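When we follow the working numbering, the leftmost residue of the sequence shown carries the number 10, and every step to the right adds one.
Presented below is the structure to which this report refers.
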Amino acid sequence: MYYTYIIQSQKNGRFYIGSCLEVDIRIERHNAGATPSTKYGRPWKLVYSESYQTNSEALKREREIKSKKSKKYIEFLIGSTSNS
């Protein structure tokens, strides 16, 4: 399975959207400072994820979420899973 995920910085509240094959390992890398764009927001917490059969589907969804450029949309996605 491939994943589109949203993590939130516990330091500054910022969100980061990404996609990967193994979400737990990817978050470990974010928290280890191995990703330049998230290095200074550590620690990061997984707040949302969706699974897909292919990498191209996960990337497409990542781009779709990013294209909205909306914190409210991200908060809507996060809230929709906590209310389920």
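All C-beta atoms in this analysis are idealised placements derived from N, C-alpha and C, irrespective of residue type, glycine included.
Source: prediction; values computed, not measured.
Practice problem: Determine, using beta carbons only, whether Y61 and L86 come nearer to each other than 8 angstroms. | Solution: As a position in the sequence shown, residue 61 is number 52, starting the count at 1. As a position in the sequence shown, residue 86 is number 77, starting the count at 1. When the beta-carbon positions are compared, Y61 and L86 stay at least 8 angstroms from each other.
Quiz item: Taking the Cβ atom as the reference point for each residue, do Q17 and K75 lie within a distance shorter than 8 angstroms?
Solution: Within the sequence shown, numbered from 1, the residue matching residue 17 stands at position 8. Within the sequence shown, numbered from 1, the residue matching residue 75 stands at position 66. Taking 8 angstroms as the Cβ cut-off, Q17 and K75 do not qualify as a contacting pair.
Practice problem: Go ahead and pull the three-state DSSP assignment for S60. | Solution: Numbered from 1 along the sequence shown, position 51 holds the residue referred to as residue 60. Here S60 sits in strand by DSSP.
Quiz item: Can you give the Cα-Cα distance for I26 and K20, rounded to whole angstroms?
Solution: Mapped onto the sequence shown, residue 26 falls at position 17. Mapped onto the sequence shown, residue 20 falls at position 11. Near 16 angstroms, if we compare the C-alpha coordinates of K20 and I26.
Self-check item: For Y14, the residue or residues it bridges with in DSSP
Solution: As a position in the sequence shown, residue 14 is number 5, starting the count at 1. Partner residues in the beta bridge of Y14, as assigned by DSSP, are G27 and S58.
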